[in-house]
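Throughout the sequence shown, residue numbering follows my numbering, covering 413 to 820 in sequence.
Accompanying notes for the structure given below.
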Amino acid sequence: MDPDAISMSAALAKISARVRSVQACERLPIRECLGRVNNETVLSPLSIPPSANSAMDGYAIAVDSLATAQVTEFEETGSAFAGVPFTGCCAPGQCVRIMTGALIPDGTDAVIMQEQTEITASGKIRIDSNHRVGENIRQAGEDIQQGDNVIDAGVRINPADIGVLASLGIGRLQVKRKPTVAFFSTGDELVSIGEALEAGKIYDSNRYSLYSLLSRMPVDIIDLGVVPDEPDSMRDLLEKVTIQADLIISTGGVSVGEADFIERVLEQIGEIDFNKVAIKPGRPLTMAQINDTIFMGLPGNPVAVMVTFSQFVIPAIQILSGAELKRPVLFRAKANDKMRKRPGRDEFQRGIASQDENGDWQVRKTGKQGSGILTSMSRANCFIVLDTENAGVEPGDEVNIQLFDWSW
Ligand code: AMP
Ligand code: MG
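Here it is in C-alpha cells:
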C-alpha cells in the first residue's frame, strides 16, 4: 500500500476535471468522418423509407378480398419493381406481382410472399385466407421520421452512421477537429530500430506501441522521438511542443530513480494533478497541465504503458475530442489459473478469454506477468481486472475481464 498513490477513480475524476474538449470543427465529406466525433445533432430531412414498399418478392393484394369476397384465386394485373412503380389501379380480385423495395400499388394493403402462393392451370394466383393488412409492407417512416434526431452530438461516427447519413442524402457532416497528440520516449538506454545494440541498450518499443494505439484514435500524431534523460532539454522540448499539441504523452522517467526527471521539470513549468495511481502495473503515472496542454507521463515499462493508456489516456482523448466518456465493459469469467495478488492496488493481469462448450466465459493467464514482459500483452485478448481488495484468485473463482478494444 503506497499512501501517496491515489485510487483509479480519483485519477479519473481529476482527468475529467482537467481535460477540456477542443472547440474547433470542420465540415467533411461523410466518408472522411469515420471514427470522428460528431459536433451537431443531425435531424433527418426526410422519412425513411419515404413511402410504403414491399419487404418481399410476391403479390400485392387487398386483404379485404380474402375476408369478405372469399377470393382465393387472383388475376395478375401488372408488375411493380423497385424504382419502377405500378401505376394502374388494383381492383378487388386482382393482384400485382411485386418485388422487394417496390412501392405498394394503390388499392392493395398486403404483400403475400411468393413462396406462399401457387399459380393455377389457368394462370391465376392462388392465395390462402390466412393473411393480414400490412403483411410484408415496410411502412413510410418506420425507420426514421422526418425531423427525428438520428445522430447525437458527441457520438463517434461508425460505419452504420455513415450509411444512415447517406440514406438521408446528407453528404457532409460537421465534426470536431482532431486533437493533436505528441509523444516521446525518455531513456538513455534506448536506441532506435536500425541502430546497433551496444551493451546495456535496448530498442525503444514504447514509441511503436503508442503510435499504434494512437493511430486508431481520431487524433493527429506527432512523434518526437527519444529524449535524453536530461532536464534542460526535456523542459525546452515540452514548452515548445505545447504550442502545437493538445496532449503530450511521455514514457519513462516518472519513477524515483536518479535519471527520472519528468517530475522535477513539471514542478518548474506545469501544474501537477497526480503522480502516482494505485494500479499494477503502472503506479508511477503523472498528469499535469503545461500552458494549455495536458501532459501524461506514463511509466517506462512496456506493459505499464499499454495498461495506463487503456485506463487513463483513452478517457483523456475521449474528453479532448468532444466525445462522450465511454467506460470499459467488464464481463464475469471463471478463472482457470491461480493468480497471485496482494490487496492495495487495482491490478490488470493479461489473460486469454474464451467461451466453454456451454457458452460461459473462462479466462487463463498469458504466463509471466511482469510489467516488462510485453509478450504477455501481445498474446492476450483481455485484461483480468482484479480490484483493490482482491487478495488472490484460485482456479474456479469468478473474475472480471475487460476484452481488448483499442479503438475505444
Ligand atoms: P523508467 O521508468 O524510465 O525507469 O523505465 C522503466 C523500465 O522500462 C526500464 O527497464 C526501461 O529500460 C524500460 N523502458 C523505458 N522506456 C522504454 C521504451 N521506450 N521501450 C522499451 N522499454 C523501455
Ligand atoms: Mg528511464
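Positions of the beta carbon are idealized from the N, C-alpha and C atoms, including for glycine.
Burial of Arg448 is indicated by the presence of at least 16 other C-beta atoms within 10 angstroms of its C-beta. Placement of the Cβ of Gly664 at a distance of less than 6 Å from at least one heavy atom of ligand 2 is found.
When rounded, the separation of the alpha-carbon atoms in Glu527 and Lys536 is 15 Å. Per DSSP, reduced to three states, the secondary structure at Val775 is strand. Looking at Gly804, Glu487, Ile516 and Asn450, the one whose alpha-carbon comes closest to that of Pro461 is Ile516. Pairing Val797 with Ala745 gives a Cβ-Cβ distance that is not under 7 Å.
In the DSSP annotation of this structure, Ser766 is not part of any alpha helix (DSSP H); the continuous beta strand (DSSP E) holding it starts and ends at Asp758 to Gln767. Annotation for Asn748: Gln774, Val775, Arg776 and Pro807 place their beta carbon closer than 8 Å to its own, counting only its chain and skipping 5 residues before and after. Scanning its chain for C-beta atoms nearer than 7 Å, with the 5 sequence neighbours on each side dropped, one finds around Met413 the residues Gly756, in chain order. Per the C-alpha coordinates, the member of Ile764, Leu678 and Pro630 positioned closest to Ser645 is Leu678.
When distances are taken from the beta-carbon of Pro693 to the heavy atoms of ligand 1, even the shortest one reaches 6 Å or more.
It is roughly 15 Å from the alpha-carbon of Thr698 to the alpha-carbon of Ala429. The C-alpha of Ala522 is placed about 12 Å away from the C-alpha of Cys502. Not one heavy atom of ligand 1 is found less than 6 Å from the C-beta of Leu678. Secondary structure of Arg430 (DSSP, three-state): helix. Excluding the 5 residues flanking it on each side, Thr778 has same chain C-beta neighbours closer than 7 Å at Arg762, Gly763, Ile764, Ser788, Arg791 and Ala792, in chain order. Taking 6 Å as the cut-off, the C-beta of Gly712 counts as close to a heavy atom of ligand 2.
Looking at the DSSP output, Ser463 shares a beta bridge with no other residue. Every beta strand (DSSP E) of 3 residues or more that sits fully in the segment 572-632 is shown, in chain order, as 584-588 and 592-598. Ile539 is positioned such that its CB atom lies closer than 7 Å to that of Ile524.
Residue pairing by DSSP places Leu710 opposite Thr663 in a beta bridge. Here the C-alpha atom of Pro640 lies approximately 15 Å from the C-alpha atom of Glu675. Listed in chain order, the non-local C-beta contacts of Asp799 below 7 Å within the same chain comprise Asp758, local neighbours out to five positions each way being set aside. Pro504 and Asp469 do not touch by the CB rule: their CB atoms are close to 23 Å apart, not below 8 Å.
Shown here for Ser624: not one same chain residue has a beta carbon closer than 6 Å to its own, the five before and five after excluded. Residues of the same chain with a CB within less than 7 Å of the CB of Asn713, apart from the 5 flanking positions on each side, are Pro693, Ser783 and Gly784 in chain order.
The residues Asp672, Ile674, Glu675, Asn687, Pro696, Leu697, Thr698, Gly709, Leu710, Pro711 and Gly712, in chain order, have a CB closer than 8 Å to that of Val666 in the same chain once the five nearest residues on each side in sequence are set aside.
Apart from sequence neighbours up to five positions away, the residues of its chain that approach Gly566 with a beta-carbon distance below 8 Å are Val449, Asn450, Gly734, Ala735 and Glu736, ordered along the chain.
Segment contact: the segment 472-491 against the segment 581-601, fewer than three CB-CB distances shorter than 8 Å; contact not assigned.
One Cα belongs to Ser597, the other to Ser419, and the distance between them is close to 26 Å. Across the set Phe760, Gln781 and Arg432, the C-alpha of Phe760 shows the shortest separation from the C-alpha of Leu815.
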